[in-house]
Structure formats: structure tokens, C-alpha cells
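Let me begin by presenting the structure, written as C-alpha cells, before commenting on it.
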Amino acid sequence: MKKSICLIVVIFLLSLSFYGIVADESTLQKTIYVDDDNTEGPWEGTLEHPFQKIQDGIDNASDGDTVFVYSGVYRENVVVDKSITLQGEDRYTTIIDGGENGYVIYVKADGVNISGFTVKNNSSEWEDTGIFIQSNNNTYTNNIIRNNGGQGIYLIGDSITNNTISNNIIINNSKNGIWTYHTYDTIIKDNKLANNGGNGIGLVASNNNIIINNELIHDSLDLGRLDHGNPINNIVSNNTVNGKPLIYLKNESNILIDGDAGQIILIDCKNVVIRNQTMEEFGVTITMVNCPQSLINNNSFKYIGMFSCEESTIRGNVIKDGNYGISIDCGDYITIKENNITNHKSRGIYIDDSSHLSIINNSITNNDNIGIDFAWMHCNLNTISGNIISGNKDAGLWLSLSSYNTIEGNDFRNNGFAIHLGESDRNDIIGNNFISNEKHVDLSNTFSNIWLGNYWDNWPGLIPKPIFGRIGIFGFIPWINFDWHPAKEPYDIPGHLSC
5 MKKSICLIVV
15 IFLLSLSFYG
25 IVADESTLQK
35 TIYVDDDNTE
45 GPWEGTLEHP
55 FQKIQDGIDN
65 ASDGDTVFVY
75 SGVYRENVVV
85 DKSITLQGED
95 RYTTIIDGGE
105 NGYVIYVKAD
115 GVNISGFTVK
125 NNSSEWEDTG
135 IFIQSNNNTY
145 TNNIIRNNGG
155 QGIYLIGDSI
165 TNNTISNNII
175 INNSKNGIWT
185 YHTYDTIIKD
195 NKLANNGGNG
205 IGLVASNNNI
215 IINNELIHDS
225 LDLGRLDHGN
235 PINNIVSNNT
245 VNGKPLIYLK
255 NESNILIDGD
265 AGQIILIDCK
275 NVVIRNQTME
285 EFGVTITMVN
295 CPQSLINNNS
305 FKYIGMFSCE
315 ESTIRGNVIK
325 DGNYGISIDC
335 GDYITIKENN
345 ITNHKSRGIY
355 IDDSSHLSII
365 NNSITNNDNI
375 GIDFAWMHCN
385 LNTISGNIIS
395 GNKDAGLWLS
405 LSSYNTIEGN
415 DFRNNGFAIH
425 LGESDRNDII
435 GNNFISNEKH
445 VDLSNTFSNI
455 WLGNYWDNWP
465 GLIPKPIFGR
475 IGIFGFIPWI
485 NFDWHPAKEP
495 YDIPGHLSC
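To convert, note that position 385 of the sequence shown is 389 in the numbering used here; the numbers rise steadily by one, no gaps.
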């Protein structure tokens with residue numbers, strides 16, 4: 005009887021041990037193999053019989069597994085929805101080609117590691133991306149992200165955090181190299197970014213990120229639109245643009261930046277002088293946030309963006325061949341004087357929510373949309389005087405919801421509209437030339453403006469010049485302003501013509 009009981013106990017213990025071993029083996033991390041050369045099967049994900057498609061490897065993986073992909077060209081759109089390591093054999097020869105169809109890799113799961121691939125050829129939609137990321141705690145390293153129709157790498161979501169992008173080559177993507185939106189604690193380091201259609205790196209509504217040791221060629225770092233109360237708490241260090249330093253300063257005062265910068269970003273600085281810079285090869289060149297009493301003088305660049313930089317001066321610069329030339333947001337008492345602002349794809353000067361500006365003696369020419377755009381409300385009490393405003397395709401000067409401005413002594417010629425006034429009242433338009441514009445003035449729901457002593461090439465100047473517009477919700481009601489004393493001859497307005 006005792007022997008029988010002992011035998012039962014031994015069998016029971018052995019069975020527990022066996023099932024324990026099986027359970028342990030089932031939870032072990034494993035490697036799944038993928039090789040596009042395995043065209044005949046069988047496809048089991050083993051070293052001997054690898055899967056042919058990357059997605060099959062991912063679908064058969066569990067959290068913690070590695071999917072190893074041999075060199076080859078994999079024409080597919082991959083979704084990573086498990087916490088795995090996706091490892092290519094060689095980043096130059098292990099290629100995922102999206103076939104111009106959506107994203108190439110879409111990362112949904114947290115805790116993903118991707119390395120060793122060339123990722124290319126997504127579609128051209130904004131969110132269609134080489135690597136599209138909507139998750140946290142991931143690492144992307146040692147990849148080549150190139151020739152995508154949209155973004156190279158795009159991180160977007162509600163507080164996406166703790167992603168690392170390092171040691172990648174990100175080149176020739178049609179939009180941006182790396183673009184982040186509402187992301188935090190991202191590390192972007194030791195990457196090479198070149199010749200991307202938008203910017204190399206863009207941080208939009210993103211904070212507490214680290215941007216270090218990156219090389220940008222014909223690319224730039226863009227902080228996106230900067231709104232009131234939005235803190236900027238990123239660490240940007242030891243990056244280069246076209247072989248020159250990307251200067252990023254915060255909370256500095258009494259600074260002289262004289263020549264030899266690749267890009268300049270200043271946050272919460274005061275009394276800054278930027279001069280003798282040549283930055284003509286990429287989009288975002290100078291960005292200043294809350295930097296009052298600054299001077300930008302004698303430079304050549306594509307773009308300057310100023311947010312809340314009161315009492316500053318932009319003078320004697322050549323600003324050409326960008327998307328926008330100058331962008332002023334929430335900045336009062338700024339002087340823009342004696343600059344050449346030309347050949348921009350959108351606006352020469354863009355003004356939003358800014359008053360008491362002086363735009364004087366500039367040459368603002370050949371911009372694809374608008375020469376000077378007072379884009380939104382609260383752009384009041386500004387002076388636009390002595391400028392050559394010519395060859396701007398849509399309009400020379402555009403005012404929306406802007407009042408009490410003085411527009412005097414400017415030369416408007418060869419523009420679409422010379423001046424558009426939309427819901428903008430009590431402006432003084434005095435002593436300007438209107439010559440060879442497609443339409444001299446476009447009025448919409450605007451009243452009580454003063455037109456006086458302007459020269460009109462389609463009016464003899466002997467009697468008051470009627471200026472026709474429209475009012476009403478749908479703009480169906482005709483409305484007339486008058487220039488009561490038009491000039492008989494054009495004025496000599498030299499502007500600023502030297503380049």
C-alpha cells in the first residue's frame with residue numbers, strides 16, 4: 005500500500021515538472037526568419053523555412069520576439085502591432101518598398117525596435133510616411149529612410165513619448181525628414197538628414213525632446229507654429245547645417261552673432277544682433293521667440309520668423325527664394341526697412357496679430373502669392389511707406405480686419421491686385437502709384453477709408469477717382485470709395501533696389 009502511494013506521488017510530481025517545462029518553453033522569446041528568396045515554401049518562419057513576407061513574420065510573432073529579415077526587396081506595407089524587434093540583415097540591401105501606397109511601416113505597438121532597413125517609396129499624402137509612429141517607447145536606429153512621397157518619419161498622437169531615432173540616414177523625402185506632432189521626450193540624435201522637401205526635423209507642439217549631434221544638409225530644424233503660452237523646453241545641441249553650427253540659444257542677453265552660422269534659433273533672448281550671415285540653401289533660417297529689442301542686419305537668407313519680438317529691427321537684408329520671407333506674429337513696434345524681399349513661393353511679408361509696425365523703403369517683388377499680407381485681426385496702426393511692391397501674383401498688399409493703418413508713398417505695379425481691403429476700415433491710402441496692376445484695388449465690406457492724392461494709370465487725375473467694391477454677406481451690393489484728389493503724374497519712389 006505504501007509503495008502504491010509513493011508511486012502515485014512520484015508520477016504526480018513528474019507530471020508537474022513536465023508541464024512546468026512546457027510552460028517555460030512556451031514563454032521563451034524566439035527569432036522568426038523572413039527571406040524573399042523562399043518563393044516555393046514551406047513558410048514556417050524557421051531558419052530552414054523562413055517566411056517570404058515581413059508581415060507574415062510579424063503576424064506569427066509574440067511580444068518580445070525578433071523578426072529577422074534577410075537582404076532582399078520586400079514590396080509591402082507593414083503594420084507592427086506587437087512589441088517586437090524588427091531587424092534587417094543590412095540597411096543597404098534589406099529594402100521595404102511601399103509601392104507608392106500609403107505608409108511603408110506603421111508602428112502601433114509600444115516597445116518596438118526597428119533597425120537595419122532601407123524604407124522607401126510611400127505615397128505623397130501628408131500622413132503617409134516611410135515610418136508612421138503612433139506609440140511609445142520605441143527605438144529606430146541604423147536605417148535608411150529615403151525617396152518617400154510624404155514624410156520620412158512621422159510621429160503623431162496624443163502625447164506620444166519616449167521614442168528614440170538615432171544613427172539613421174534620412175534623405176530625399178518629398179516632405180519632411182522627421183516630423184513630430186504632440187510628442188514628448190523624443191531623442192533624435194546622430195542622424196544624417198539631407199535634401200528633404202520640407203525640413204530636416206520638425207517639432208510641432210512638441211516638448212522635452214533632445215536633438216543632438218545631427219548633420220543636416222540643405223535641411224533645417226523647424227519649431228512649427230508658436231502660440232501664446234506654449235513653452236519650448238527642448239534640448240538642441242551640437243547639430244550642424246551645411247557644415248556650419250546650428251545656433252540654439254535660450255535665456256541669453258546682449259548677444260552678437262556675426263557670420264558663419266548654419267541656422268539660428270533663439271528662445272527668450274534679449275538685445276540680440278544677427279549680422280553678416282549667408283544662409284541661402286534651405287527653408288527655415290532664423291527663428292526668434294520672445295526676443296525683444298533685436299537687430300537683424302546685413303544678412304542674406306531665405307526666411308526669418310519672429311514671435312513676440314517687440315521693438316526689433318530687420319534692416320538691409322536680402323531675403324529671397326523661400327516659402328515666406330518674413331513672418332511676424334504677436335510683435336509690436338517692429339521696423340522692417342531697406343530689405344530686398346523677393347521670389348518667395350507664398351508671401352514676402354506675413355503679419356499676424358501685430359501693431360505699430362513700420363514697413364519702410366523695401367523692395368518686395370515677384371512673390372507667388374502676396375507681397376505684404378496682414379493676414380488676420382489686430383493688425384492696426386501700422387505704417388507701410390516708400391516701398392516698391394511689384395510683380396506679386398495675387399496681391400501687392402492684403403489687409404484683413406486691419407484698421408488705422410497708413411499706406412503712403414508706395415509704388416504698386418504689375419501685381420494681381422495692388423491692394424485688397426477686406427473688412428478693414430479707417431485706413432489712410434495716400435500718395436501711392438498704381439501702375440499696370442491687373443486690378444488696382446479690391447474692396448470687400450470696407451468703409452471709411454481715406455484715399456487721397458494717389459496716381460492711377462487708368463485715370464486722368466482731373467476729377468475724383470471712383471474706387472469700386474462690394475459689401476454685404478455675399479458681396480452682392482456695390483459700394484464706391486473715392487480718391488478725391490488723384491495725382492496727374494506718378495511719384496518718384498526709389499524704394500530699396502540694390503541687391
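Where a beta carbon is used, it is the ideal one built from N, C-alpha and C, also for glycine.
Predicted, not measured: the structure shown is a model, and the values here were computed from it.
Beta-carbon spacing of residue i, residue j below 8 angstroms
i      : j      : result
GLY465 : LYS492 : yes
ASN171 : ASN151 : no
GLY115 : ASN141 : yes
LYS306 : ASP325 : yes
ASN373 : ASP398 : yes
THR515 : ASP429 : Only positions 5 to 503 of the chain appear in the structure, and residue 515 is not among them; the question remains open.
VAL84  : VAL111 : yes
GLY201 : ILE182 : no
TYR158 : ILE173 : no
ILE323 : VAL293 : no
GLU412 : GLY435 : yes
VAL77  : ASP41  : no
SER350 : ASN327 : yes
PHE438 : SER404 : no
SER127 : GLY92  : no
ILE355 : GLY329 : no
Distance between residue j and residue i (C-alpha atoms, nearest Å)
i      : j      : result
ASN211 : ASN238 : 6 angstroms
HIS360 : ILE388 : 10 angstroms
THR122 : THR143 : 16 angstroms
TYR408 : LEU447 : 16 angstroms
ILE214 : ASN386 : 39 angstroms
SER298 : SER358 : 16 angstroms
TRP488 : ASN414 : 18 angstroms
GLY153 : THR244 : 25 angstroms
ASN217 : ASN180 : 18 angstroms
LYS196 : GLU80  : 25 angstroms
ASP262 : ASN418 : 37 angstroms
HIS444 : GLU284 : 33 angstroms
ILE62  : PHE72  : 10 angstroms
TRP47  : THR165 : 36 angstroms
SER75  : ASN167 : 26 angstroms
SER30  : TYR37  : With a pLDDT of only 48 at SER30, under the threshold of 50, the placement of this residue in the model should not be trusted, and no figure is reported.
LEU90  : TYR185 : 24 angstroms
PRO494 : ASN301 : 32 angstroms
ASP67  : TRP402 : 57 angstroms
ILE268 : ASN370 : 26 angstroms
ILE497 : ASN343 : 15 angstroms
ALA27  : HIS53  : Its pLDDT being 41, under 50, ALA27 is placed unreliably by the model, and nothing is read from it.
LEU456 : ALA422 : 16 angstroms
SER257 : GLU314 : 15 angstroms
THR410 : GLY390 : 11 angstroms
PRO470 : THR133 : 54 angstroms
HIS348 : THR50  : 56 angstroms
ILE25  : GLY247 : With a pLDDT of 41 at ILE25, under the threshold of 50, the modelled position of that residue is not reliable, and the figure given next carries that caveat. Rounded to the nearest angstrom, the two C-alpha atoms are 58 angstroms apart.
GLY228 : ILE160 : 14 angstroms
ILE364 : SER394 : 15 angstroms
According to DSSP, residues forming a beta bridge with residue i
i      : result
THR184 : LEU159, LEU207
ASN117 : THR89, THR143
ASP226 : GLY206
LEU447 : LEU425, GLY473
ALA491 : TYR459
TRP402 : ASP377, HIS424
Helix, strand or coil at residue i according to DSSP, with G and I counted as helix
i      : result
ASP461 : coil
ILE355 : strand
GLY326 : coil
ASP60  : helix
THR289 : coil
MET310 : strand
THR190 : coil
ARG95  : coil
ASP28  : Confidence in ASP28 is poor, its pLDDT being 46 and thus under 50, which makes the residue's placement unreliable; the coordinate value appears in the next sentence. It is helical.
SER316 : coil
GLU4   : Outside the modelled stretch of the chain, which goes from 5 to 503, sits residue 4, for which no answer is possible.
LEU466 : coil
THR346 : strand
GLN267 : strand
THR43  : coil
Contact test: residue i Cβ vs the ligand PLP heavy atom, cutoff 7 angstroms
i      : result
PRO468 : Absent from the structure shown: the ligand PLP. Ligands present: none.
Touch test, the segment 242–259 against the segment 312–331, Cβ-Cβ under 8 angstroms, three pairs minimum: The segment 242–259 is not in contact with the segment 312–331.
Stretch pair the segment 188–201 + the segment 263–277: three plus CB contacts closer than 8 angstroms: The segment 188–201 makes no contact with the segment 263–277; the number of CB pairs closer than 8 angstroms stays below 3.
The segment 217–224 contacting the segment 282–291, beta-carbon criterion three pairs below 8 angstroms: The segment 217–224 is in contact with the segment 282–291.
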